[in-house]
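Residue numbers (the working numbering), protein chains in the order written: chain A, 1026 to 1683; chain B, 976 to 1525; chain C, 46 to 146.
Structure first, commentary second.
If you want it as structure tokens, here you go:
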């Protein structure tokens, strides 16, 4: 059985190696190998369902670094869930990518990276210990770096990749701290070992460890203030955004907190901190989502906002609800991104919603898929997001955080607004693709690089028969995955019908332990009332969006409205609340200035100068002593005489006295 | 066999002058073959027994004692591997002579890391400077000898301190053949002597590593040396000091070693942060790597002076890891420089599109350098920091995390600056790495991955040492400290001398006053059967004379 | 008949200081060399005298050594003087100061 576990883990890696080794010869075949290995891993994971949900899960030891540092694999309900999403949704996205990357010259490189990512993500979730998790944590960051910078001749992509990587290293470092703090306190790095010794942790130390782990979560899951890399990460190809920056990698923070539920249960201040950060992120992401024009950036901010919900949920102690939101989000957000990819593909790399419009007639399938995803993400009753988001928001009340509840409910309204804004702008009204940029108020700055986009070329790729650049993939290749994801975006939430007695709750059993909740009697109002309230807020959001963008009158005046909004966008939105500028001014610039000071002044002048001063001192002494070297033999003789006389005098007078 | 590992490369290097100057390819492949053979022999003989020849018996015992085990085993493997890889990509003017220098360097450094005698250690310490110095003179890109002299003077000053410390240790201990000895069998050294001896060793080791603020020879040397040699020097020669701290001072002089720990911690931390910040703004890619070495080696200093077994295991892992990735980085940067005739980040860019293999190689090496989890740099870092933290140094461990973030920034700056972005027009674009060059880099990359996946065996090589050092420290603390022990020994010696003096005086003829007639012409008694060793203590003698007279 | 050793020592000292004075005061290299020879012989006299007092042959052996070295030294010294004389007509030890710092 444990061999099967090993196979699940290594299959995508084998796929990546095969693609990398055979690379350019494979061309589109790389996509088939990549998808096949990942989907096979999905099947093998499903086969192990029974073993994983049995008590203790499936386990396999790998290596021992030093006594206490033992690395192994573990498949329990939590990692089973994540593995299924990674391989299942990942496999669908890979199939879609074959169509999306159909005419890209570097298609083999793309699939090598994607398979490597799946392997890295599996390493993360299948590890039975914190170091293995950290290895996966770093490797997914690396895969993300490669894929953000996939078009590595674009300076903006290169910069975005570097930013994502460096911020992720901040997170890695946080987890490293947790590793050695936990190892010192518990003598183990395996989850089982840590949790069995968790009584050794308490108070300040526990909070410090949870805080360090949360630094990792914040960096990986784009939580305030480490969120700035996520919108820039949209420089990567769209399937990458769907897989890495929506469905799986960015939710690793949720996984980590759920995994360390026993520690979180024991630390109320950590729960409070994480809940607040999650709520702030949810709200901030939603607000920024309002003001974006790039379809992928809208979705990126919505991802950030939704992950804020998940973090809020698991952070506060409502693990089942938070993880449920991850589960439904994986489907609807991947579906949304892939649908956006359909649009971008159709419109020849156009990502600006201002240049879209009226696409519902041209692309009805995309419209319905997008509609399903949108209704799911805003929590429209009956769709999957409805179940998960309501559960998360209501959990705030159950855990005694009415303020967070209010933020969650408000964010739900804003989410409804900006998602419907996107939907109306893309699929309704006139098609604006033929209009001049100036008419729509599009400023030229940020678009400059995109027009000259050319995929990079290997010499080897030049010499072999060119891939027909304008050929089209069969339509089903891209539509089928979108359809499946849209279907699950509708139905995925049904597993949680029935609250604590639903299959979802029973699936996890006692894995998370019990987070302290307030007594039911002190909760302000019931769950059904809360549902009604949130739904009403969502309805308000939809109505506002309809009035501003969707009504027949608004559709007629859309060009003027868009121009006015583009030109009148407040600077605070354009700078995304100045987080980038603040990090630049507080961290990056000071570090560079100190470095320059060291390299230009301290090293050559102070330190090396000190050494040169010693050399100069030796020279100066030489100048003094050379004066004694007169060249006069008779003066030397006199010196010898005087010296001898001194010796004799010493031994005659003082030496004898002893 | 171990002697052959030292002598064969040196002799081969010297004999290379016999082949014609034009036989460049022969010289190169001969060097590669020799280094590979050394690697294979060492790899196959992890349990080779020690070999020893008599050397000196006065003023202290010294032997040509060599052994292949523990930490040295891995470093010699690293040395042979990096030399073979570096030689395989060598393409320099006057190649035959350059290969000769590399071979001498190989032999000298092998000698250093297998030496089990302090004096032999000191001998190879200075010997390994010579090929680097000559190379700096003869292959300097700037035709200036300033860097060469700076290198030599810095390191010779350190070497002199090392020699003095070795001599002092030999005189005090009576032998320098101590690196393989059981430390608990060695006589404790009085704290005053131990302090000065440690100072000498530490000075040499700090310069060689180098540790801030004695590092200013290093960026210049690394920038001026040809790529194959700088690969070996940064991979292995810079480890000599750290190796010395681990196997020499921490075993032989645990007292002052512990005393110096706070200062060394400060120096290590400064080096860590200082090197990282300086690396962030360099324009010369080789200098970025040079300053990053300063930073990384500072981490190892922290590990050594935390006296924690986990950290020490991590230090050994990181020593090998740093050797692997810095050798690889310098080789790749050499390749870039040979293709583009420059290594300034401001002038390079976009090489990845036409040189995907080169880009791939640099990517893995850069990732290992910046401590990507899963590669060897991370394994070393996490073990070191876990140990340092476990030893109770919480804040140093936290501060040491910051350079890891900076490392990501500067290594990506190098990687992306060279490989990504639009192609820069004004540098020549030549062909990608040949299969041969890839073959030269492959062993390093494979080793990086293997060590990153399982650093266990390398980490374990320090375990014997830790227990030995702990044993000695225990002996010293438990026997009411070394100084009391020494005082007691001196007193015993004086008491013996007194007794012998009285016996001696009793055997002498008496004068009219009944006092013994002590011959004033002492040379007459030298060599006599009844050598009066008591004469070495004049005050004892006087006391004995007085006592006899009564 | 024996002469007290102090007489030898006194003579030796007088000879030695005459030699010292010669080296310091005179500027002709030939005279300087002769003064050095005088100092050697003063030392030889003292060695022989002490050897006799202590009944130890070491002093005699040293004297032979000194005489030999003195001969060699005189030969080399004269050769140098001749060489210098060839270069500079005027021979004065103060003029030959090419090694001053």
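Backbone N, C-alpha and C define an ideal beta-carbon position, used for all residues, glycine too.
Here the structure is a predicted model, which means the values were calculated and not measured.
Using only CA atoms, which one of the options lies nearest to residue i?
i              : options                           : result
residue 1516/A : 1069/A, 1127/A, 1091/A and 1406/A : 1406/A
residue 1589/A : 1604/A, 1255/A, 1600/A and 1573/A : 1573/A
residue 1382/A : 1234/A, 1120/A and 1447/A         : 1447/A
residue 1036/B : 1141/B, 1008/B and 1198/B         : 1141/B
residue 1711/A : 1454/A, 1425/A and 1069/A         : Residue numbering for chain A in the displayed model covers 1026 to 1683; residue 1711/A lies beyond these limits and cannot be assessed.
residue 1623/A : 1032/B, 1297/B, 1410/B and 1253/B : 1253/B
residue 1403/A : 1390/A, 1365/A, 1443/A and 1379/A : 1443/A
residue 1280/A : 1261/A, 1301/A and 1242/A         : 1242/A
residue 1608/A : 1278/A, 1401/A, 1323/A and 1251/A : 1251/A
residue 1599/A : 1371/A, 1354/A, 1502/A and 1322/A : 1322/A
residue 1346/A : 1578/A, 1377/A, 1380/A and 1415/A : 1415/A
residue 1125/B : 1321/B, 1136/B and 1109/B         : 1109/B
residue 1186/A : 1225/A, 1401/A and 1265/A         : 1265/A
residue 1510/A : 1145/A, 1393/A and 1208/A         : 1393/A
According to DSSP, is residue i helix, strand or coil?
i              : result
residue 1026/B : strand
residue 1039/B : strand
residue 1181/A : helix
residue 137/C  : coil
residue 1088/A : strand
residue 1504/B : Per-residue confidence for residue 1504/B stands at a pLDDT of 38, beneath the threshold of 50, marking its modelled position as unreliable; no derived number is given.
residue 1100/A : strand
residue 1154/A : strand
residue 1258/B : coil
If you draw a straight line from the C-alpha of residue i to the C-alpha of residue j, how long is it?
i              : j              : result
residue 1054/A : residue 1165/A : 24 Å
residue 1601/A : residue 1237/B : 45 Å
residue 1557/A : residue 1500/A : 41 Å
residue 1582/A : residue 1465/A : 12 Å
residue 1662/A : residue 80/C   : 12 Å
residue 1173/B : residue 1221/B : 13 Å
Consider the Cβ of residue i: report whether some Cβ of chain B lies at a distance smaller than 8 Å.
i              : result
residue 1198/A : yes
residue 1674/A : no
residue 1624/A : yes
Quick check on residue i - is its C-beta less than 8 Å from some C-beta in chain C?
i              : result
residue 1642/A : no
residue 1655/A : yes
residue 992/A  : Absent from the structure is residue 992/A, since the part of chain A shown begins at 1026 and ends at 1683.
residue 1671/A : no
For a cutoff of 8 Å on Cβ pairs, would you count residue i as touching chain F?
i              : result
residue 1091/A : The structure shown contains no chain F; its protein chains are A, B and C.
Mind checking if residue i is an interface residue toward chain A, Cβ cutoff 8 Å exclusive?
i              : result
residue 1191/B : yes
residue 1348/B : yes
residue 143/C  : yes
residue 139/C  : yes
residue 63/C   : no
residue 1318/B : no
residue 59/C   : no
residue 69/C   : yes
Should the region 1311–1319 of chain A be called in touch with the region 1284–1291 of chain A, which here means at least 3 C-beta pairs below 8 Å? no
Any 3 or more C-beta pairs closer than 8 Å across the region 1124–1137 of chain A and the region 1071–1081 of chain A: no
Segment contact, 8 Å Cβ cut-off, at least three pairs: the region 1360–1367 of chain A with the region 1425–1441 of chain A: no
For the region 1049–1067 of chain A against the region 1114–1133 of chain A, do three or more pairs of beta-carbon atoms, one drawn from each stretch, fall closer than 8 Å, so that the two count as touching? Touching, per the Cβ criterion.
For the region 1380–1388 of chain B against the region 1345–1352 of chain B, are there 3 or more C-beta pairs whose distance is under 8 Å? At 8 Å Cβ cutoff, the stretches touch.
Using 8 Å as the cut-off, can you tell me whether the region 1334–1352 of chain A makes contact with the region 1517–1532 of chain A, which would need three or more C-beta pairs spanning the two stretches below that distance? yes
On the three-pair Cβ rule with 8 Å, is the region 1293–1308 of chain A touching the region 1326–1345 of chain A? yes
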